[in-house]
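Beneath this line is the structure, given in structure tokens, with notes to follow.
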Ligand code: AMP
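Numbering (the working numbering), first residue to last: 1021 to 1296.
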């Protein structure tokens, strides 16, 4: 396994892969790796001869400097994790390396003013900005994203279609703990008690969702969702609502929807979406 920090060095290895006509799978991450990332790695390895993972905590996508500072980082363990998963290359650039000749920020055009975009202004501009850089550097055949960050997945899908027509996006279902919550780097910042409360909340939410009649409209289900969330032991939440899985709008039946939530446990903002 190679750990590469600079773009020119990475390009040398990529050229060697290209000359052998290896197909390359790429997984962009912010590190603090966990079994959810492991699923993306496994999928890439099934599909490709070489798998590259990037670890880069992208300051441009944090709309809150405290959140950036507190984002979990886990360097040594991440290297071991990738080694155990037989990753071929870890690309771990510095911010200067990524942005030195590319100061301009791109603007996301898709799925705006809803869900995370409504509560984290400019977050997806930062996501698109870094992904555009990373896609053009790594130039892989396929790129892997998790359904855990569903709005991000939908935005990236549109962005790739318009700007990187030769890049194939593969989505991977959310991988969960035995207590049903999604594996997430942010779970590492939860105390034992916060984790337990979060698991209780998530499982109560599952019970609520699975009891609903699938033929009801999203609008009607959202009235029930509001009643449900207001009764939960939650300090704060940004959203807790059903949306159509294609348009992310509030239209149609819940059989074509997922429940999306962003809730807080202490300082920790936790997002998930429930497919049922
Ligand atoms: P992150 O490091 O949090 O930016 O995540 C990197 C990629 O891993 C994103 O495409 C995420 O959607 C995906 N991911 C994170 N957690 C999970 C999970 N529990 N299951 C599947 N994919 C995940």
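We put the beta carbon where it would ideally sit given N, CA and C, even for glycine.
A quick note: this is a predicted structure, and the numbers were derived from the prediction, not measured.
With fewer than 16 other beta carbons inside 10 angstroms of its own, residue 1123 counts as exposed. Taking the C-beta atoms as reference points, residue 1102 is found no nearer than 9 Å to residue 1291.
Judged by beta-carbon spacing, residue 1070 lies within the 9 Å limit of residue 1043, meaning their Cβ atoms are closer than that value. Under the DSSP assignment, residue 1034 falls in the alpha helix (DSSP H) whose first and last residues are 1027 to 1039. Relative to the ligand AMP, the nearest heavy atom lies less than 8 Å away from the CB of residue 1172. In the three-state reduction of the DSSP assignment, residue 1145 falls in the helix class. Selection 1200, 1204, 1107 and 1120 evaluated against residue 1054 yields 1204 as nearest (Cα-Cα). Straight across, the Cα-Cα distance linking residue 1162 with residue 1025 is about 21 Å. Taken from the Cβ of residue 1060, at least one heavy atom of the ligand AMP lies inside 8 Å.
Where residue 1264 is concerned, there is no enclosing alpha helix (DSSP H), although the beta strand (DSSP E) around it starts and stops at 1256 to 1264. Residues 1057, 1073, 1074 and 1075 of the same chain have their beta carbon placed closer than 7 Å to that of residue 1049, with the five preceding and five following residues left out of the count. In this structure, the beta-carbon distance from residue 1219 to residue 1201 falls below 9 Å.
The alpha carbon of residue 1206 has as its nearest neighbour, out of 1121, 1168 and 1126, the alpha carbon of 1168.
For residue 1254, the CB stays at least 8 Å from every heavy atom of the ligand AMP. By the Cβ neighbour-count rule, residue 1245 is buried, with 16 or more other Cβ atoms within 10 Å of its own. The criterion of a C-beta distance shorter than 9 Å is not satisfied by residue 1119 and residue 1046.
Cβ neighbours of residue 1192 within its own chain (closer than 8 Å, five residues either side excluded): 1059, 1060, 1063, 1164, 1165, 1166 and 1167. Residue environment for residue 1138: exposed (fewer than 16 other C-beta atoms within 10 angstroms of its C-beta).
In the same chain as residue 1154, and ignoring 5 residues on each side of it, the C-beta atoms closer than 7 Å to its own belong to 1048 and 1074, in chain order. About 5 Å separates the beta carbons of residue 1261 and residue 1242, which is inside the 8 Å limit, making them a contact pair. Contact between residue 1274 and residue 1234 holds: their C-beta atoms lie close to 6 Å from each other, under 8 Å. Inclusion of residue 1169 in the 8 Å shell around the ligand AMP follows from its C-beta lying nearer than that to a non-hydrogen atom of the ligand. Assignment of residue 1077 by DSSP, reduced to helix, strand and coil, places it in the coil class.
Less than 9 Å divides the Cβ of residue 1281 from the Cβ of residue 1293. Assignment of residue 1107 by DSSP, reduced to helix, strand and coil, places it in the coil class. Excluding five sequence positions before and after residue 1022, the CB atoms of its chain that fall closer than 8 Å to its own CB belong to 1033, 1108, 1109 and 1110, given in chain order. Closest by C-alpha distance to residue 1083, out of 1221, 1252, 1142 and 1067, is 1142.
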